[in-house]
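See below for the structure under consideration.
Number of protein chains: 2
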Amino acid sequence: MNLPQKIAGVNKNSIPRLVQYKYVLKKVLASGSDRVYSNELADAIGITAAQVRKDFSLFGIMGNKRGGYSVSDLLGIIQRILGSQPGQDVIIAGMGHLGIALSNYKGFEKEGICIRAGFDIDPVKCGVQGNIPVYPFSECEGYISNRNIKVGILAVPADAAQLVLDVMVRGGVEGVLNFAPVHLMAQRSCVIHDVNLGVELEFLLYFVNALNNRGGKA
Amino acid sequence: MNLPQKIAGVNKNSIPRLVQYKYVLKKVLASGSDRVYSNELADAIGITAAQVRKDFSLFGIMGNKRGGYSVSDLLGIIQRILGSQPGQDVIIAGMGHLGIALSNYKGFEKEGICIRAGFDIDPVKCGVQGNIPVYPFSECEGYISNRNIKVGILAVPADAAQLVLDVMVRGGVEGVLNFAPVHLMAQRSCVIHDVNLGVELEFLLYFVNALNNRGGKA
DNA sequence: TAGATTGTTAATCGATTAACAATC
DNA sequence: TAGATTGTTAATCGATTAACAATC
């Protein structure tokens with residue numbers, strides 16, 4: 001199972017934007033202001049004000065016809081929609097540089113996300129890496145089921161990814177963020193969201209190359 | 001400037017799929033086969049065969065009404081479309097764990113991509129990290145212009161990102177893969193492609209939370 | 001040939017943009 | 001009030017899916 005196509009008719013593309021609005025709102029709030037306009041939010045993330053209002057409309061978010069939106073109210077509503085509550089525990093399989101980078105990621109904490117532990121087959125990587133304890137991969141399934149972990153990050157090589165996913169799913173994980181460049185299949189119901197860094201870079205290269213071949217040396 | 005909206009009427013979503021087809025085709029070729037069917041490609045990346053044929057149709061790629069596609073031919077055509085040629089030089093600004101992870105990324109090399117160097121303000125990070133030389137950030141602009149680097153990866157903290165982008169653009173970069181969680185603006189023409197790992201994780205969390213709130217404890 | 005797969009067209013679906021009435 | 005901003009509807013745009021004729 002990949003991403004579910006539909007959650008109650010919600011525009012899938014609006015979700016990452018809600019997350020971005022949340023980030024911006026926190027900055028605005030920290031800056032002391034409690035009022036924000038749709039065009040300010042739009043500028044802050046590089047979209048149009050109409051898009052912002054449309055997103056809000058889809059989720060029934062209402063502002064004030066005159067005075068924009070209350071930052072703190074809006075933040076609360078968006079956090080509720082996203083399910084951002086304290087205590088969202090996550091584990092990481094594969095503590096290479098990417099795994100460590102994610103375990104160090106600033107800002108997860110203030111979204112209520114806690115990276116609890118890492119797992120690796122390499123004993124050298126076990127112990128403590130950065131902020132989190134790292135255990136042998138053999139303990140992964142038990143850890144997940146004992147602590148009722150719902151989300152895992154897959155940062156292992158491509159050829160190990162399916163096997164590691166199977167272990168995570170057996171442990172009881174319901175969602176996986178997959179950085180391995182392979183298409184995975186979950187045995188049981190588990191949402192898989194793929195992030196392929198190679199594809200992202202090549203996607204960019206396409207546009208750089210395409211623009212050059214238009215202007216110049218094609 | 002963010003991603004250009006249109007390159008000659010091409011479906012933007014088909015580009016990352018072309019990259020994925022390329023990966024699959026290389027595997028198939030390595031396995032010794034030189035024939036592939038649209039449904040095989042579809043299964044390998046988790047989409048439908050109709051989507052594969054539609055993508056090909058958009059780029060004028062033709063197979064054989066009976067026998068599918070020649071893997072080697074198809075690979076050549078897709079590589080030409082993507083501009084995958086040897087000698088695509090890339091540099092990285094910010095050699096934290098994410099920067100190092102990217103510099104170690106297997107598989108860039110066989111796509112003709114070469115991560116040439118890293119840059120960091122921290123002298124401790126300079127020298128050699130993994131596979132590439134790391135220079136003081138002060139040398140970044142000169143390096144880019146001297147070596148005619150066209151693409152940069154931004155793996156620095158959010159508050160440094162705009163400044164580092166400005167330097168890269170002054171050096172002559174035409175495309176940037178940005179991992180910093182801020183919306184950047186380029187002075188001159190430069191394609192910016194954002195990858196926000198926090199957003200990706202929260203996007204996944206939304207679906208996990210939403211599915212739970214449907215079935216159970218909402 | 002008969003069967004299977006392609007390439008393309010038309011239909012559907014979904015997302016974004018534009019426009020504007022409502023209203024504070 | 002006059003002006004400005006919202007919330008929503010309609011129009012547009014783009015992407016995916018379905019269907020099927022073409023054909024090897």
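Residue numbers (the numbering used here), protein chains in the order written: chain A, 1 to 218; chain B, 1 to 218.
Yeah, the Cβ is synthetic: ideal placement off N, Cα and C, and Gly gets one too.
Original post:
For the candidate residues B:Met185, B:Tyr69, B:Cys114, B:Phe179, whose alpha-carbon lies nearest to that of Leu85 of chain B?
Top reply: Correcting the residue identity first, residue 85 of chain B is Gln in this sequence and not Leu. Looking at the Cα atoms, B:Cys114 is the closest of the given residues.
**OP:** Provide the residue(s) that pair with Ser70 of chain A in DSSP beta bridges, ordered along the chain.
**Re:** A:Arg35
Original post:
When the cut-off is 8 Å and only beta carbons count, does Lys150 of chain A lie next to chain B?
Top reply: Yes - at least one Cβ of chain B is within 8 Å of the one on Lys150 of chain A.
Original post:
Between the C-alpha atoms of Leu197 of chain B and Lys65 of chain B, what's the straight-line distance to the nearest angstrom?
Top reply: 42 Å
Original post:
Is there at least one Cβ from chain A nearer than 8 Å to Glu200 of chain B's Cβ?
Top reply: yes
**OP:** Taking 8 Å as the threshold, find out whether the stretch 85–96 of chain B comes into contact with the stretch 118–129 of chain B through three or more Cβ pairs.
**Re:** yes
Original post:
Between Ala16 of chain A and chain B, is there a C-beta pair that is closer than 8 Å?
Top reply: The residue you asked about is not Ala; residue 16 of chain A is Pro in the sequence shown. Judged by the 8 Å Cβ criterion, Pro16 of chain A is in contact with chain B.
**OP:** State the Cα-Cα distance for the pair Phe207 of chain B and Gly127 of chain B, rounded to the nearest angstrom.
**Re:** 43 Å
Subject >> Interface residues of chain A facing Gly107 of chain B [CB-CB closer than 9 Å] >> reply: Ala158, Pro181, Gly198
Original post:
Per DSSP, which one or two residues make a beta bridge with Ile81 of chain A?
Top reply: For Ile81 of chain A, which the question treats as bridged, DSSP gives no partner whatsoever.
Original post:
Glu111 of chain A touches chain B at which residues, Cβ-Cβ below 9 Å?
Top reply: Gly198, Leu201, Glu202, Leu205
**OP:** Determine the contact status of Ser103 of chain B and Gly130 of chain B, defining contact as a CB-CB distance below 8 Å.
**Re:** yes
Original post:
Can you find a C-beta in chain A that's less than 8 Å from the C-beta of Gly60 of chain B?
Top reply: no
Original post:
Taking 8 Å as the CB-CB cut-off, is Leu102 of chain A touching chain B?
Top reply: yes
Original post:
Can you list, in chain order, the residues of its chain whose CB lies under 7 Å from that of Gln51 of chain B, leaving out five sequence neighbours each side?
Top reply: Cβ-Cβ distances below 7 Å link Gln51 of chain B to Ala42 in the same chain, with the five nearest sequence neighbours on each side left out; the list follows chain order.
Original post:
In its own chain, which residues sit with a C-beta less than 7 Å from the C-beta of Ser145 of chain B, not counting the 5 before and 5 after it?
Top reply: Gly171, Gly172
Subject >> Proximity of Gly112 of chain A and Gly87 of chain A at Cβ, strictly below 8 Å >> reply: yes
Original post:
Straight-line CA distance for Ser189 of chain A to Val151 of chain A?
Top reply: 13 Å
Original post:
Any C-beta of chain A sitting closer than 8 Å to the C-beta of Leu211 of chain B?
Top reply: yes
Original post:
Relative to chain A, which residues along the stretch 28–55 of chain B have a C-beta separation below 7 Å, given in chain order?
Top reply: Ala44, Ile45, Gly46
Subject >> Distance, Val164 of chain B Cα to Val71 of chain B Cα >> reply: 41 Å
**OP:** Kindly indicate the opening and closing residues of the beta strand (DSSP E) around Ile100 of chain A.
**Re:** Here Ile100 of chain A belongs to no beta strand (DSSP E); instead the alpha helix (DSSP H) covers 97–104.
**OP:** Determine which residues of the stretch 162–181 of chain A have a Cβ less than 7 Å from any Cβ of chain B, and write them out in chain order.
**Re:** Glu174, Gly175, Leu177, Pro181
Subject >> Contacts around Tyr37 of chain B, its chain only, beta-carbon distance under 7 Å, and the 5 residues preceding and following it disregarded >> reply: Gly68
Original post:
By the 10 Å Cβ neighbour count, where 16 or more other Cβ atoms means buried, how is Leu58 of chain B classified, buried or exposed?
Top reply: exposed
**OP:** List in chain order: all unbroken alpha helix (DSSP H) runs of 4+ residues lying wholly within the stretch 108–187 of chain B.
**Re:** Scanning the stretch 108–187 of chain B from its first residue to its last, the whole alpha helix (DSSP H) runs of 4-plus residues come out as 140–147, 158–171.
Subject >> chain B contacts made by the stretch 64–98 of chain A, where a contact means CB separation under 7 Å >> reply: Of all residues in the stretch 64–98 of chain A, Leu82, Gly83, Gln88, Gly96, His97, Leu98 have a Cβ within less than 7 Å of some Cβ in chain B.
Original post:
Val191 of chain A by DSSP, collapsed to three states: which one?
Top reply: strand
**OP:** Within the same chain, show all residues whose beta-carbon is closer than 8 Å to that of Val199 of chain A, passing over the 5 residues directly before and after it, in chain order.
**Re:** Pro181
Original post:
If you draw a straight line from the alpha carbon of Leu211 of chain A to that of Gly76 of chain A, how long is it in whole angstroms?
Top reply: In a straight line, the C-alpha of Leu211 of chain A is about 42 Å away from that of Gly76 of chain A.
Original post:
Taking 8 Å as the CB-CB limit, is Val208 of chain B close to chain A?
Top reply: yes
**OP:** Give me the Cβ distance between Val169 of chain A and Gln187 of chain A, rounded to the nearest whole Å; I'm assuming they're in contact under 8 Å.
**Re:** Between the beta-carbon of Val169 of chain A and that of Gln187 of chain A there is about 6 Å, and that keeps the pair under the 8 Å contact cut.
Original post:
Taking Cβ positions only, does Gln20 of chain B come closer than 8 Å to chain A?
Top reply: yes
Original post:
What are the start and end residues of the beta strand (DSSP E) that includes Ile92 of chain A?
Top reply: 88–93
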